[in-house]
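S.K.: FYI, the numbering for the sequence shown is -17 to -1, 1 to 605, going by mature numbering (1 follows the signal peptide of the UniProt record, and there is no 0).
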Amino acid sequence: MVLNVIIALILLSSASGTQESNKVTSSMITKMDITFAAELVGSMHSLHQFQNFVFFISQRLICNGSHLAGDLLQEFGKELSMVPAVMLINNTKEMKGFLSTPTLSLVLTTNHDDPIMEVAALSMHGMRLFKTLFIYYPQSSETQESLRSNVDLLYQWIWKHQFINTVLITVEQNIFIQQPYPKPQVINITEDWSMESFFINYRRNLHGYIIKTPIRKDFPRVFYMSKEQPGIKIKSRVSGASGKLFMAFVKHINATISQSGYIGHENEPANVPELLDRVASGQLEISMHSYNDMLNTSSGKSYPIGINDWCIMVPFRKHSPEHEYLQKSFQTYTWLLICFSVVYIAMGIWICSPEQKRDMGVCFLQALSSTLLIMPLKILQTATMRMRCLYVLLFISGFLVTNLYSSKMSSFLTAAPEVTQIDTVQDVINEKLPIMVETYEYNVLLLNNYPKEFMDLLIPVSKSKMDQHRDFFNTSYGYSTQSDRWNFANFQQRFLKNPTFRLSKICIGPFYHVFPLLGDSHLAKPLETFIKDALEMGLTRHWQRQAFLDALFLGYVHMIPNQSSFEPLPLNFFRSLWILLGFGTAMGCLTFVLELRGIDWPKIQKGCGKCCQRLCDKIYEM
């Protein structure tokens, strides 16, 4: 069996004076019983069956030709009876990917500020939950008080960097462990220890450990129940899908939430970028305000509680304006063809009429009457067969056109016609629809190469202003949303025949829906296990429904009733007819006034004809 052993050596160059001050003599090193350390590791290996050992050896311990590293490996080889495969890594890169889960890290250090400590922290990033043995070599002889003080400093560093499963041994063969809950406490177990007292699993019982996390209004993920529902007793007033999941997790691990983080601030809007910065800087170790992992942040993140797309919700176009029904019954080219047909038929009647009875005005009216299926009275006065056949054909064509138009109008009035919805970026540009997005979302969209016309329609706003418009379905704007927010909002429209808003195809993602979490946090693994169990048992869906009922009780949302009663046609429906009638009346009045003033129409016609002739002659000359 091959045992993988990784030795990480830190090579630092410094002034000779500094090196002299940091030297550890060989006599000090020999004080450490290497055999004891090897036997201790061997006993751990028998219990946990490690597959990998990682050694971090301080440079201060390998100066002056010390063979400590070789002696350690030799002792471990004797104790474990395995053939090591040694990889020498002379850098500070992460080892994630090199190691499997059953791994023991050994850190040989001289103090909490030894450079090897930072090397270990960087190299084990993302794997600090692995079992770790710290071997403490003091740089000089210490009293019991100074030893305890240095051990406390070491464990403060260990807890700050979230090395979870640790044991510390000293040159005097003292053994220390840390009891992290409810408050970190260092315990000396030198006189009474066993293998079972190392690496205790606290994942399901944190003994009332206090978690400090702010609670702000981030509807519908997290919000505070300002009043209780009658007849329902609840221990926690935190609601929302993410809020209920987080509070259930806190209860599951026997922890508590510090009230100082939200008393008096629970109705303030959540500032996600600020919360992420506080987690990244270590001011918070976790936040219950989940977010879409679309931001380039240095904070850690939990196991995903879902997968969300970032999309834009737009107002739903229920139907075309009623006054457009008359003209939309036929397409534009059909209307042009009908107008051309009227002129063409009028010319045909004029040509077919006897020369002494030709009248262009009468021919035009006759063509219009035939197209609209009005009985052509002139057919009774026509003696020629060709004119009678022509009027019969016109009657048939008018019959077909008017009946087709009536059928189309009937379908418009009995069934809602399909309406083109706003789906793409170009649709938004054509509609000139302003879209509200949060400020941090706008910065992300700038990196996605959207057209300038589209970006000009985006309005970066604060969280509070967004909620004022989006939560109450203000149709004057489109809004940015995520999958979980949209599902929550869409639940209000479940009884509507036509929704108020719909989800467009303008989306980016998908993104993980996660909780912000301190890197290598001791809460990461328990939270991951709890989220997996909650997803498998369907608890997340249950909490979403409970959150909606809570929001309904508080008035944050409301079920929109379906008002599909019969509506009579308004005057606006006949707008096209009013326009046509008004135009015709105006032209008739103008003609009547001109006739009263004795306008000689033949002279006007001759004058217009001469002007047209002159214009044609000039065109021919050119």
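Think of the CB as a built atom: it goes at the ideal place given N, C-alpha and C, for glycine as much as any other residue.
Taking the alpha carbon of residue 267 as the point to measure from, which residue in 478, 502 and 18 has its own alpha carbon closest?
M.R.: For residue 267, the nearest C-alpha among the options comes from 502.
S.K.: With DSSP collapsed to three states, give me the class of residue 452.
M.R.: Reduced to three states, the DSSP call for residue 452 is helix.
S.K.: How about residue 102 and residue 138: do their beta carbons lie closer than 7 angstroms?
M.R.: Not closer than 7 angstroms, so no.
S.K.: Looking at residue 223 and residue 203, is the spacing between their C-beta atoms short of 7 angstroms?
M.R.: Yes, the pair counts as a contact, with Cβ atoms nearer than the cut-off.
S.K.: Express the C-alpha separation of residue 160 and residue 201 in angstroms, rounding to a whole number.
M.R.: The straight-line gap from Cα to Cα measures roughly 40 angstroms.
S.K.: If you run the structure through DSSP and keep just helix, strand and coil, what is residue 186?
M.R.: If DSSP states are grouped into helix, strand and coil, residue 186 belongs with coil.
S.K.: Taking the straight line between their C-alpha atoms, what separation do you get for residue 610 and residue 135?
M.R.: Past the boundaries of the shown model lies residue 610; the chain is included only from -17 to 605, so the question cannot be answered.
S.K.: Whether or not the region 494 to 509 and the region 423 to 437 are in contact is what I'm after, with contact meaning three or more pairs of Cβ atoms, one per stretch, closer than 8 angstroms; do they touch?
M.R.: Flag = no, the region 423 to 437 and the region 494 to 509 do not touch.
S.K.: Three-state secondary structure (DSSP) at residue 496?
M.R.: Of the three classes helix, strand and coil, the one that applies to residue 496 here is strand, per DSSP.
S.K.: To the nearest angstrom, how far is the alpha carbon of residue 418 from that of residue 379?
M.R.: Cα-Cα distance, rounded: 53 angstroms.
S.K.: Tell me the rounded alpha-carbon separation between residue 154 and residue 54.
M.R.: So the two alpha carbons sit approximately 15 angstroms from each other.
S.K.: Fully enclosed by the region 85 to 112, which alpha helix (DSSP H) runs are 4 residues long or longer?
M.R.: Here the runs fully enclosed are 98 to 106.
S.K.: Is the beta carbon of residue 292 less than 7 angstroms from the beta carbon of residue 493?
M.R.: Going by C-beta atoms, residue 292 is nearer than 7 angstroms to residue 493.
S.K.: Put residue 323 into one of helix, strand or coil per three-state DSSP.
M.R.: Looking at residue 323 - three-state DSSP - the assignment turns out to be helix.
S.K.: Under a Cβ-count criterion, where at least 16 other Cβ atoms within 10 Å of its own Cβ denotes burial, should residue 455 be classed as buried or exposed?
M.R.: Per the 10 Å Cβ criterion, exposed.
S.K.: Determine the burial state of residue 428: buried for a count of at least 16 other Cβ atoms within 10 Å of its Cβ, exposed for fewer.
M.R.: Its Cβ being crowded by 16 or more others within 10 Å, residue 428 is buried.
S.K.: In this structure, does DSSP put residue 22 in helix, strand or coil?
M.R.: Residue state, collapsed to three classes: helix.
S.K.: Where does residue 208 fall in DSSP's three states?
M.R.: Coil.
S.K.: Could you give the first and the last residue of the continuous alpha helix (DSSP H) run that contains residue 226?
M.R.: Note, residue 226: alpha helix (DSSP H), 224 to 235.
S.K.: Excluding five sequence neighbours on each side, which residues of the same chain lie with their C-beta closer than 6 angstroms to the C-beta of residue 188?
M.R.: Once the five neighbours on either side are set aside, the close Cβ partners of residue 188 are 237.
S.K.: First and last residue of the alpha helix (DSSP H) that includes residue 293?
M.R.: Where residue 293 is concerned, there is no enclosing alpha helix (DSSP H), although the beta strand (DSSP E) it sits in stretches over 289 to 298.
S.K.: With 16 as the cutoff for other CB atoms within 10 Å, does residue 383 come out buried or exposed?
M.R.: Answer is exposed; the Cβ neighbour count stays below 16.
S.K.: Indicate, with yes or no, if the ligand FMN has a heavy atom lying under 6 angstroms from the CB of residue 122.
M.R.: Among the ligands in the structure shown, none appear at all, so the ligand FMN cannot be discussed.
S.K.: Let me confirm a value: residue 289 is counted as buried when at least 16 other C-beta atoms fall within 10 Å, else exposed. Which label applies?
M.R.: Looking at its Cβ environment, which holds 16 or more other Cβ atoms inside 10 Å, residue 289 is buried.
S.K.: Following the continuous beta strand (DSSP E) through residue 463, name the residue where it begins and the one where it ends.
M.R.: Taken as a continuous stretch (DSSP letters only), the beta strand (DSSP E) holding residue 463 covers 461 to 465.
S.K.: From the DSSP output, in three-state form, read off residue 254 for me.
M.R.: In this structure, residue 254 counts as coil in the three-state DSSP scheme.
S.K.: Does the Cβ of residue 92 have 16 or more other Cβ atoms within 10 Å, making it buried, or fewer, making it exposed?
M.R.: Residue 92 should be labelled buried.
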